[in-house]
Amino acid sequence: MAEDIKQAAPPKMKVTIDNISVEVDPGTTILQAARMIGGEVTPPAMCFYTPLKGSGGKCRTCLVEVSKGSEKDPRPMPKLVASCRTGVMDGMEVKNITSQRVLGARAGVVEFLLLNHPLDCPICDQAGECHLQDLSYEHGKEGTRYEFKKRTFKKHNLGQYIQLHMTRCILCYRCVFTADQVTNKRQHGVLDRGDHAEIATYIEKSLDNDFIGNVIDVCPVGALTDKTFRFKNRVWFTKPEDAHRDCDKCCGKVTLWKRGDEVLRVTARKDQWGEVMNDEEGKTGWICNECRFEKKDVKDWVIEGPTKVSRHSVIGVNHYEVLDKPDETVAKVMGGRQPKLLLDIHSISDVNDPSVDLSKISGPATGAVFNHKQLTENTE
Amino acid sequence: MGIQYTNRAKPVDRSPMTWVERLYLWNILKGMAITLKHFFKKKPTIQYPEQTRTFSKVFRGLHILNRDEEGRERCTACGLCAVACPAEAITMEAAEREEGEEHLYREEKYAAKYEINMLRCIFCGYCEDACPKDAIYLSQTFTPANYNRKGFIYKKEDLLIPNPVTEPEAYQKALGTISRENQITEEVN
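Top line first, the protein sequences correspond to chains L and H. Going by numbering that gives the first Met the number 0, the first sequence opens with residue 0, and the numbers climb by one from there. Going by numbering that gives the first Met the number 0, the second sequence opens with residue 0, and the numbers climb by one from there.
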């Protein structure tokens, strides 16, 4: 009898989110059910990350109102619940954007998250793909009521590849789970408690695991950023392209962020929720440090095509859907005569200088790089 | 009859000239009187460049890159002006501030190179609107004419306002002929 129950496919559960019904498998969370519907009814999530076990339940941005518990027990849940950690019940009715309580609570959560956030977006490399930016635009209030000094930290050095800005951290613990689950040795965690809690390497140890670079991809804010990309360009001026290479450590399927033919940054491929995508065969999409930090040359990669970017993203500005360059027709029409160039911009401009290859420089560029003093050292 | 756009149209008068009109001299005198009248009117001509017209409060001229009160560059190369620019005239290269450069740049990142292509610029002022760091302003000067296209690529050195600490006089001059507050008090007085 018990075996029969196990073999039979479990019945689907019907859940209604903002008056849109969807049938899901038992054990699905409200957040995942809302993501199946997609669009505006999906609650934002700062700490929940599907590929990481145990993530979620910390940031409280995904709070929703359950107005009907289930078909059997139709009482509403008394408090707002975190949708990433609450499983659906059959006949459950959930209110997200249709509930004023949820919108008010979410605005409060955003205000809390921004209390200690330095708001240094003009400097931050995450700007443009930052989940906290999106969250505060969509759900936050304009001002803050906080009048005290924002918390600051002593600078930690996380090795030559990863830059930690502890002031920007919102303590989502995603990187801790990544270090724990993706890499086989954890050297990085949260020290101290409450307001003093911070992400740190235990006794300032350098992280030397092959997959530790993935903490950059999971970070929803600019706390963990790529040191090899630091300050090199704004995200929305780089062109994302899907590419792959044969790698014996990881799947080798990545997104290249290019300027011209310079590969400025390499990241894992992400889905519409900003989570690392599994590849077609269902293999994990985490990429190794070698692919991420060492392969900054177009020749190392097989380019597949431009990454699909949402029209609403700032990264989609001036984004092209094809890689083919248009034909130069002037010479054809004019019997082989090339068009007369009235001004070669490189003869006067110092920006995007062909002799300066930012992808060859390991860290952030300094003034000397652009003044041609240090360049010869780096290329050697 | 075509479409009538205004009601100011006058039918052509084809009646024969009167005796006075036929004298010819009368219309000459009428014209001379109009010319004479203008001798005593206020001259609208301004003797540029010795004299200049007062700028409107919202005049948008050549860009300046602002410094803070300690003379440090405010621009952090965040790229918002460049992304807001409809003409794609602004380009920049960012660099990290090194130790010992704290007196030059306000924040840890700065624009090592900053260029505005004045051939492209349409002086819309969107860059000024977009700037989160109070760093770029459209001043009350025209872009000077130039014989070469090269002369219209303005670099950071051309755009930066004089340092208020080392060159206070030049800085005051660069702030413009009318500041907004002064203009308002003048109007009140």
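All residues carry an ideal CB built from backbone N, CA and C; glycine is no exception. Bear in mind the structure is a predicted one, so any value in this text is a computation, not a measurement.
- According to the DSSP assignment, residue 44/H belongs to no alpha helix (DSSP H), since it is labelled neither H nor E.
- Judged by DSSP in its simplified three-state form, residue 299/L adopts helix.
- A contact is defined here as three or more CB-CB pairs under 8 Å, and the stretch 66–74 of chain L meets this definition with respect to the stretch 91–110 of chain L.
- Non-local C-beta neighbours of residue 132/H in its own chain, meaning closer than 6 Å and more than five positions away in sequence, comprise 73, 75, ordered along the chain.
- Excluding sequence positions up to five before and after residue 297/L, its CB lies within less than 7 Å of the CB of 260, 262, all in the same chain and listed in chain order.
- Within the same chain, Cβ atoms closer than 8 Å to the Cβ of residue 154/H are found at 112, 113, 114, the five residues on either side in sequence being excluded.
- For the set 149/L, 102/L, 38/L, the Cα lying nearest the Cα of residue 60/L is the one of 102/L.
- In this model, residue 239/L and residue 313/L are separated by some 12 Å (Cα to Cα).
- The contact set of residue 316/L on chain H, defined by CB atoms closer than 9 Å, consists of 82 in chain order.
- Residue 63/H sits close to residue 158/H, with the two beta carbons spaced by under 8 Å.
- In the DSSP annotation of this structure, the continuous segment of the beta strand (DSSP E) that includes residue 21/L starts and ends at 19–23.
- Listed along the chain, the chain H residues whose CB falls inside 7 Å of the CB of residue 365/L are 94, 95, 97.
- A contact between stretches requires three or more CB pairs, one per stretch, nearer than 8 Å, and the stretch 279–291 of chain L meets this requirement with the stretch 233–252 of chain L.
- Identification of residues in the stretch 343–354 of chain L having a C-beta nearer than 9 Å to some C-beta of chain H yields 344, 346, 347, 348, 349, 350, 351, 352, given in sequence order.
- For residue 295/L and residue 190/L, the gap between their C-alpha atoms comes out near 34 Å.
- With respect to the C-alpha of residue 142/L, the residue from 153/L, 172/L, 129/L, 110/L having the closest C-alpha is 110/L.
- In this structure, residue 85/L sits near residue 29/L, with a CB-CB distance shorter than 8 Å.
- By alpha-carbon distance to residue 315/L, the top candidate from 169/L, 235/L, 153/L, 139/L is 235/L.
- Sequence-distant partners of residue 269/L (beyond 5 residues in either direction) whose C-beta falls short of 8 Å from its own C-beta, in its chain, are 216, 254, 275, 276.
- Apart from the 5 residues on each side of it in sequence, residue 126/L sits with its Cβ closer than 8 Å to the Cβ of 120, 132, 221, 233, 234 in its chain, given in chain order.
- In this structure, the beta-carbon distance from residue 160/L to residue 227/L falls below 8 Å.
- Nearest to residue 320/L by alpha-carbon distance, out of 335/L, 304/L, 245/L, is 304/L.
- Under the Cβ criterion of 8 Å, residue 111/H is counted among the residues facing chain L.
- In chain order, 232, 237 place their CB closer than 6 Å to the CB of residue 258/L, counting only its own chain and leaving out the 5 sequence neighbours on each side.
- Within the DSSP secondary-structure output, residue 239/L pairs in a beta bridge with 256/L.
- Unbroken alpha helix (DSSP H) runs of no fewer than 4 residues, entirely contained in the stretch 99–177 of chain L, are found at 99–112, 130–138, following chain order.
- Residue pairing by DSSP places residue 225/L opposite 161/L in a beta bridge.
- The C-alpha of residue 149/L is placed about 11 Å away from the C-alpha of residue 167/L.
- Taken in chain order, the complete alpha helix (DSSP H) segments of 4 residues or longer contained in the stretch 37–103 of chain H are 79–83.
- Within the stretch 46–80 of chain H, the residues whose Cβ lies closer than 8 Å to some Cβ of chain L are 75, 76, 77, 78, 79, listed in chain order.
- C-alpha of residue 107/L to C-alpha of residue 218/L: approximately 22 Å in a straight line.
- With a cutoff of 8 Å on beta-carbon distance, residue 110/H and residue 65/H are scored as not near each other.
- Take residue 78/H, set aside five residues on each side of it, and no residue of its chain has a beta-carbon closer than 6 Å to its own.
- Taking CB atoms only, residue 16/H has no neighbour in chain L less than 8 Å away.
- No Cβ of chain L is located within less than 8 Å of the beta carbon of residue 13/H.
- In this structure, residue 26/L and residue 176/L do not form a Cβ contact; the two beta carbons are roughly 20 Å apart against a cut-off of 8 Å.
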